[in-house]
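Protein chains in written order, with my numbering: chain Y, 1 to 482; chain S, 1001 to 1250; chain Z, 2001 to 2395.
In what follows, a single structure is set out as structure tokens and then discussed.
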Amino acid sequence: MATESEQLESLVNRRYEHGFVTDIATDSLPPGLDENVVRAISARKNEPEWLLEWRLQAYRQWLEMDEPEWAHVHYPKIDYDAISYYSAPKSDEDRPKSLDEVDPKLLETYDKLGIPLHERARLAGVAVDAVFDSVSVTTTFKEKLSEAGVIFCSFSEAVQDHPDLVRKYLGSVVPRRDNFFAALNSAVFSDGSFVYIPKGVRCPMELSTYFRINAANTGQFERTLVVADEGSYVSYLEGCTAPMRDENQLHAAVVELVALDDAEIKYSTVQNWYPGDEQGRGGIYNFVTKRGDCRGANSKISWTQVETGSAITWKYPSCLLRGENSVGEFYSVAVTNNLQQADTGTKMIHIGRNTRSTIVSKGISAGRAQQSYRGLVRVMPQAAGARNHTQCDSLLIGKDCGAHTFPYMEIKHPSAKVEHEATTSKISANQLFYCRQRGISEEDAVNMIVNGFCKEVFKELPMEFAVEAQALLNVSLEGAVG
Amino acid sequence: MLEIKNLKARVAGNDILHGLSLAVNAGEVHAIMGPNGSGKSTLAQVIAGHEDYEVTHGSVTFKGQNLFDLEPEERAREGLFLGFQYPVEIPGVNNAYLLKTALNARRAHQGLDEIDAFEFLKTAREKMAALGMDPKFLNRGVNEGFSGGEKKRNEILQMAMLEPELAILDETDSGLDIDALKAVAQGVNALRSPDRAIVLVTHYQRLLDYIEPDFVHVLSEGRIARSGDKTLAHELEEKGYDWIREAANA
Amino acid sequence: MITTPIDALRDIVGRFPTTRDEDWKYTDLARARDISSRWLDEGGTRPSETPDIADLVGDIDADWFVIANGRLADIPIVDGVSVEKINELPAGDNALAEFNAALLDSGLRLRIEGRPGKPVGLLFIDEAGSPSVSQGFVEVAFEPGSRGEVFEYHASRGTGEHYSNTILCIDIGDDAVAHHVRLQDRALDHVQTHRTTVSVGRDAHFESASFDLGGGLVRNDVAIDIAQPGATVNFAGLYLAGDGQHVDNHTRVDHRVGPATSRQEYRGILNGKCRCVWNGKAIVHEGADGTDADQANHNLLLSAHAEIDAKPELEIYTDDVKCSHGTTVGQLDETALFYLRTRGLDPQRATEVLTHAFAAGLVSRIPVEAAQEPVSRLMERRLGELIRSEEDYTA
């Protein structure tokens, strides 16, 4: 608590602070997409034949699909031939073996981002896998993790070192042709993270990945696969930043989570991709497919996200609740300011008996931003005893913003109990006046009220992420009032 | 300390104050009484700087400064406190956090360092004990789910922590049972000092049994219709407000 | 008697909404298309005589306007209501409205002046043919400052393939008060699409309650437009569905200006193999400051084969608003069931009591006095049938 107001102070007048460009040589493919590009990506990564074939099938399926238009977002058509589908920091061959070998400029980049990669990482007990543009750079704490039997490495390494695991689970939660962007990702994904927690292991530390888009005109297509074997537990954190550029950049990731019997996965995201400037120039198009499969009995998957970035967000972290008594959770704070647009929410698909889900969504819309909550709760005919509770609140700041709610409930079992509540309101003038009468500035009062509004979600985040999330929120809402 | 001259103000197109003048000096306790709709709350809101209230005429100075040049938070940092008639609920915002932020905003303005966390908690607990408040209230959302009496005690707690130079308490006694009323009065009396002034805005004389005012003013139709000492309050209790109105119109 | 060329009609039928349209995601109009096509194949004829209606509305104290098999029956003369027939309709903004305009004999325009002594009764009654199709179009305008009641009753004679496609437009003038009840008690193989549009004037008041008791495939669209400040809109609906029924209620409230208040509450009771859809949408447009909009939808699922698809939507484009919605799907409160059993009721009876209580909450809100008794009687009868069906709802 003591540092909170200091942070507030220090955050005043800050703009997007992660907007720098790292000046290092990159090895990129020319813009454009065809089968040769898919082959080139696969070849560069020295992939086995089955994976190349998998990618090619995804590519062919993608060609047949249409870009979805149902979301409440508007943007000019994306030219998929103007995007470069692969960009790696130079020379893949001599990849750094340890931090000492990493290009100091890169380390500096991570420093600026505040990534706890170095000593800070050790202190915080966080293992980091940093994905820079398309290639995973380095992973710390590998040894300590491997003692526990935990596999945490870049996706490319996993393909080489653990091909059976990758082959078994890749695409088993998000099939290649699940949707337009997932199919694109399946064809061209360049790297990402892979996690496997063996039976009965409680992962000894929080695992963390930082994603950063750097090169211009590059798409970033990472792929994350987390498998928690029977009785295991893992908490995984994901942070995202991108430099300021005045053109839009595409990000289309896929995240697959698999929780077997009695396993639990907690997946937290702080997404702060560049949102574009006040006039809506630039910013990331964030089209992400995230899905968790509670495959085993008594398994649990919990998504927590704080979304402050991106020009456009299209994202619905979901849970397939297959195992009996499995639990799905979704806690979300989404902030949109200026001309940002977000269409985000979740899907809870109740398949097994006595499955439970909780959805808490807090949306804050300011400036001329448009934000939508889109959610689906489906109770299948065999899901006896399913329970869902959804709380979905929107806070409006300013006359020109919008907040929309589109919750779908499809209930096919009579013993289901499904509750959905939603509210939309503005920050009340009385609350603001009350705080100001106590000597608190309007900006601080807004931050205070907004943080209070989001409290239920922040308390789900790991400690160090919660602090960062609050700070981000305040930066995002700068200039929203007044 | 506070000097109001010929103040006229309106809200939502209705003129409420019709030329009100009042001077409050350090060390004094004033009670402003009057029937519903006489402008008591409007006066309190205007002094605190609520934007819905439009000042059309007159001046208000606080410690020699033109009050209307100051934003609401600047007035607060200068030592002006309003105890609200209807304290607002702010869900999710921790009571202690609001209190500490407010206190530090005032301290920064005074050129003081931020209060030490331990010191803060200790003081807050002491003051809460004196007000008969459960320390658990510190960790609850601001006024969230508080009863009427709890909200009013919370206002007095904030006042006690912020140690304002001028406290205006708007109907702080309304809706209180006798125990709460005594606790609130005790809190106010503890704050009485030669460098502070207190203005009690109230409908009933009851509060004045526990907080003895130096001056009593009766507000009628947006003006001070009559001023006197504490005996005026008793006279009002007996004769009712009509008596003042008749006298004023005579 | 059909003036539009058959090919043009076929073209319209071909353009009926499909489940690929987001607004029709859960409701498939294949049966309406099929009945319409076959009816056109057979020359598009309709029964000519007006069926006897005395047993339906004889006891209800209202001035009845009857649309039988899509034809306007003799028009009564009513104090305080001016009446005219309309032949020219706007083409409509979707295929169903076009179909209505293309096939309509004549529409009815009513103007409520002052305070008519009795409610206006609108009876839409159809005799099943094999197959047959009928249209209906009624406009009710409330003069500024007037106060009146409308009781809309949709009924069937006999069973067989039948599709009715009807439109009711209610225009409420400034300061007017409109009370409206819709009772739909069609045969269980009837196909219905019904659209109600309401425009609400300055400081005007709209109170409405709808009851869907029958019908095989039913789709009701309600669109309420608030374009003047000060409006108050309260509407409620109850849908009961059993084996083979599909009942879809789509509501939309456009708040174009504020301040204004809209509240809606729909409740559903489902037993047997059936599906109900409720989609409530509130749109608060730019500048509609001071809007207070609330939606509620509660469903009781009593059967393993029943499905409810609920979607409460809010689209909000300004900040000075208070909007909320709540939706629940569930079963009867177990504590209450147990309580009743400790008082000696068997599970069957206890279930009946609580289910009736769930429905009664809406019956008590019927804003047209003359409709209270008939609606409540028919609702109780239908609910009794539903609860006593073979389905093992206590499992």
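Every residue, glycine too, gets a C-beta built ideally from N, C-alpha and C.
Proximity below 8 Å, CB of Y:T298 to CB of Y:D343
Here the sequence assigns Asn to residue 298 of chain Y, which means Thr is not the residue at that position. The answer is no: Cβ separation not under 8 Å.
State the beta-bridge partners of S:Y1086 as determined by DSSP.
Per DSSP, none; premise fails for S:Y1086.
If you reduce the DSSP assignment to three classes, tell me which class Y:S428 lands in.
coil
6 Å CB neighbourhood of Y:S232 in its chain, flanking five on each side removed:
I197, V201 and A263
Please decide whether Y:Y434 counts as near chain S, where near means a Cβ-Cβ distance under 8 Å.
yes
Reduced DSSP category for Z:N2165 - H, G, I as helix; E, B as strand; rest coil:
strand
Test: Z:V2321 CB closer than 8 Å to a CB of chain Y
yes
Boundaries (first-last residue) of the beta strand (DSSP E) holding Z:E2373
Taken as a continuous stretch (DSSP letters only), Z:E2373 belongs to no beta strand (DSSP E), being part of the alpha helix (DSSP H) at E2369 to I2387.
Against chain Z, with Cβ distances strictly below 8 Å, would Y:L477 count as a contact?
no
Below 8 Å on the Cβ atoms is my contact criterion, and I expect Z:I2308 with Y:I411 to pass it. Report the Cβ-Cβ distance as a whole number of Å.
5 Å
Any idea if S:F1062 is buried or exposed, counting beta-carbon neighbours within 10 angstroms, 16 or more meaning buried?
buried
Could you tell me which of S:V1029, S:R1226 and S:A1096 sits nearest to S:A1117, measuring between CA atoms?
S:A1096
S:A1012 CB to nearest chain Y CB: under 8 Å?
no
Cβ-Cβ distance between Z:Q2331 and Z:L2300 below 8 Å
yes
Whole-angstrom C-beta distance between Z:G2242 and Z:G2216, which should lie under 8 Å
Their Cβ separation, rounded to whole angstroms, is 11 Å, which puts Z:G2216 and Z:G2242 out of contact at 8 Å.
How would you list, in chain order, the residues of chain Z whose beta-carbon sits under 8 Å from the beta-carbon of Y:F406?
K2311 and E2313
Residue range of the alpha helix (DSSP H) that S:Q1045 falls in?
K1040 to A1048
Listing by chain order, which chain Y residues have their CB less than 8 Å from the CB of Z:L2302?
P414
Near S:K1040, which residues of its chain fall below 7 Å by C-beta distance, leaving aside the five closest residues on each side in sequence?
I1032, G1034, V1201 and L1219
Can you look up Y:R95 in the DSSP assignment and give me helix, strand or coil?
Only weak support is given to the placement of Y:R95: the predicted model assigns it a pLDDT of 44, under 50, and the question is left unresolved by the model.
Closer than 8 Å, CB to CB, is S:I1032 near chain Y or not?
no
Sufficient close CB pairs (3 or more, under 8 Å) joining the segment 1065-1084 of chain S to the segment 1039-1057 of chain S
yes
Using 8 Å for Cβ pairs, my map puts Z:A2155 next to Z:L2238. What's the rounded Cβ distance?
The pair is not a contact, with the Cβ atoms about 17 Å apart (cut-off 8 Å).
Among Z:L2123, Z:D2021, Z:A2030 and Z:L2362, nearest to Z:A2296 - alpha-carbon criterion
Z:L2362
Residue range of the alpha helix (DSSP H) that Y:Q160 falls in?
F155 to D161
Touch test, the segment 348-368 of chain Y against the segment 390-398 of chain Y, Cβ-Cβ under 8 Å, three pairs minimum
yes
CB contact flag (Z:I2269, Z:T2351, <8 Å):
no
With 16 other Cβ atoms within 10 Å as the buried cut-off, status of S:T1101
buried
Could you name the residues that DSSP lists as bridge partners for Y:W303?
Y:Y267 and Y:F330
Per-residue contacts from Y:W70 into chain Z (C-beta, under 8 Å)
E2022
Should the segment 2248-2258 of chain Z be regarded as contacting the segment 2278-2289 of chain Z, the criterion being three or more beta carbon pairs within less than 8 Å?
yes
Counting only the same chain and skipping the five closest in sequence on each side, list residues whose C-beta sits under 7 Å from that of S:L1157.
K1127, M1128, L1131 and M1133
When DSSP labels each residue in this structure, what does Z:V2198 get in the three-state scheme?
strand
Please report whether the beta-carbon of Y:L472 lies at a distance below 8 Å from any beta-carbon of chain Z.
no
Measuring alpha carbon to alpha carbon, tell me which residue in Y:G309, Y:D161, Y:S415 and Y:A469 is nearest Y:G283.
Y:G309
Based on the DSSP output, what are the partners of S:Q1205 in its beta bridges?
Paired residue(s): none; S:Q1205 is not in a bridge.
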